[in-house]
Structures are given as C-alpha cells and as structure tokens.
Amino acid sequence: MRRVVITVDGVVHESEVEPRLLLVHFLRDVLNLTATTIGCDTGNCGACTVDLDGASAKSCSVLAVQADGSTVTTIQGIAIRGERHPLQRAFHERHALQCGYCTPGMIMAARDLLGRVPCPRPEEVREALQGNLCRCTGYQNIIAAVIAAGREQGGPA
Ligand code: FES
Ligand code: FES
Numbered sequence: 001m002r003r004v005v006i007t008v009d010g011v012v013h014e015s016e017v018e019p020r021l022l023l024v025h026f027l028r029d030v031l032n033l034t035a036t037t038i039g040c041d042t043g044n045c046g047a048c049t050v051d052l053d054g055a056s057a058k059s060c061s062v063l064a065v066q067a068d069g070s071t072v073t074t075i076q077g078i079a080i081r082g083e084r085h086p087l088q089r090a091f092h093e094r095h096a097l098q099c100g101y102c103t104p105g106m107i108m109a110a111r112d113l114l115g116r117v118p119c120p121r122p123e124e125v126r127e128a129l130q131g132n133l134c135r136c137t138g139y140q141n142i143i144a145a146v147i148a149a150g151r152e153q154g155g156p157a
C-alpha cells in the first residue's frame with residue numbers, strides 16, 4: 001500500500017491505496033464521489049474526465065499514486081457559490097443529454113476548453129470533445145450548449 005494525499009473538490013484526502021488503483025476508482029470507491037462515471041476503463045470514451053491540476057484528464061488513465069500531491073476537480077465540485085455551473089445549466093436548458101452517462105465527462109472536457117477558449121467556434125468544440133463519446137444525443141445539442149455557456153461566461157455574443 002502507498003500513502004497518497006490528493007485534494008478533491010477542495011477537500012484534502014489522505015489515503016492508503018494499492019499502487020494499481022486507478023484515479024477513477026479512487027474517486028468512486030474510496031471517496032464515494034460516484035458522479036464521475038466509467039464507460040470503458042481504457043481511455044477511449046471520456047466519461048471519467050476530471051480536472052487534474054488545471055487540465056482535463058481521463059481518470060481511468062491515471063493511477064491514484066500518480067495523482068499524489070495533485071488537485072482534482074470532479075463534476076461534483078464545479079458549482080459556483082452553490083449555483084450550478086453555466087455548463088450544467090446550458091446542458092439542461094439545451095437538452096444536451098439523454099441518458100446522461102457521458103455528461104459528467106463532457107462537461108469537464110468542455111470546462112477545460114472554456115478555460116482556454118472563452119467563446120469557441122463549433123469546430124473548436126468538436127475538436128475539444130473528440131475524446132468524449134455520446135451514444136444518445138448526436139452531439140449537436142452538446143456543441144450548442146458549450147457555445148451558449150461560453151457566451152454566458154463572458155465571451156462575445
Ligand atoms: S472510462 Fe475513462 S475514458 Fe472511458
Ligand atoms: S447522453 Fe447518453 S451517452 Fe451521452
């Protein structure tokens with residue numbers, strides 16, 4: 001077992017973990033933060049995307065021991081002063097989800113994009129989300145929601 005200290009959604013967690021434990025399993029099984037989902041466990045679907053030290057990362061592709069000393073933000077930690085994040089509101093208002101399984105990862109990847117590109121073009125959204133798969137929506141409403149959230153956050157209308 002290895003001792004790790006990982007800050008998740010603003011809370012510092014000290015835990016003993018097996019060296020093989022994936023970060024996504026640390027979040028879900030050790031911390032009980034189950035909103036971050038697992039689609040493939042092989043780095044392909046993006047459902048498990050979180051923010052790791054300021055950049056989006058697929059948490060099934062990172063070992064918990066690799067995240068030792070890091071700061072992680074999950075979908076459960078992006079609300080702003082108790083209010084839903086603009087991306088969460090936009091996904092809801094623009095029907096950008098159906099089953100919702102991909103949504104936590106989509107929003108975390110989109111949040112990373114909006115941090116770098118406040119008002120992205122549709123093709124920039126598509127490129128940023130190309131590692132996130134959705135089996136339900138056909139993507140159009142997801143792209144529209146990300147653009148709308150960018151505008152709400154201060155990009156040009
Ligand atoms: S569960 Fe991590 S990319 Fe699919
Ligand atoms: S809403 Fe079902 S997989 Fe995207």
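For the sequence shown, position 155 (counting from the first letter as 1) is numbered 155 according to full-length UniProt numbering, and the numbering increases by one without interruption. Quick reminder that beta carbons are idealized off the backbone N, C-alpha and C, glycines included. Owing to the predicted nature of the structure, the values given are computational and were not obtained by experimental measurement.
Let me make sure I understand the geometry here. Which of Val11, Ala110, Met1, Gln153 has the alpha-carbon closest to that of alanine 64? The shortest C-alpha separation from alanine 64 is found at Met1.
Can you give the Cα-Cα distance for isoleucine 6 and threonine 37, rounded to whole angstroms? Cα to Cα, the separation comes out at about 19 Å.
Is the beta carbon of cysteine 99 sitting closer than 8 Å to the one on alanine 47? No, the pair does not count as a contact, with Cβ atoms beyond the cut-off.
For ligand 1, is there a heavy atom less than 7 Å away from the beta-carbon of isoleucine 78? Because no heavy atom of ligand 1 lies under 7 Å away, the Cβ of isoleucine 78 does not count as near it: no.
Given isoleucine 75, which residues of its chain have a CB within under 7 Å of its CB, disregarding the five upstream and five downstream residues? For isoleucine 75, where only same-chain residues beyond five positions count, the Cβ hits under 7 Å are Ala35, Thr36, Pro104, Ile107, Met108.
If residue 246 and alanine 96 are in contact, beta carbons under 8 Å, what's the gap, nearest whole angstrom? In the structure displayed, the chain extends from 1 to 157; residue 246 sits before or after that span and is not available.
Quick one: what's got a C-beta closer than 8 Å to leucine 87's C-beta in the same chain, skipping five residues either side? The residues are Ile78, Ile107, Ala110, Arg111, Leu114, Ala145, Val146, Ala149.
Any heavy atom of ligand 2 closer than 7 Å to the CB of residue 158? For residue 158 there is no data in the structure shown, the boundaries of the chain being 1 and 157.
Under DSSP, the beta strand (DSSP E) around isoleucine 6 begins and ends at which residues? Where isoleucine 6 is concerned, the enclosing beta strand (DSSP E) stretches over 2-8.
Of the listed residues Leu23, Gly154, Ile143, nearest to aspartate 41 (C-alpha basis): For aspartate 41, the closest alpha carbon among the candidates Leu23, Gly154, Ile143 is that of Leu23.
Round the Cβ separation of valine 8 and serine 15 to the nearest angstrom and send it over; I've been treating them as touching at under 8 Å. Wrong, their Cβ atoms sit about 10 Å apart, outside the cutoff.
Under 7 Å, CB to nearest heavy atom of ligand 1: contacting residues: Those residues are Val24, Ile38, Gly39, Cys40, Asp41, Thr42, Gly43, Asn44, Cys45, Gly46, Ala47, Cys48, Lys58, Ser59, Cys60, Ser61, given in chain order.
Separation of glutamate 93 from serine 61, as counted between CA atoms: Rounded to whole angstroms, serine 61 to glutamate 93 spans 31 Å at the Cα level.
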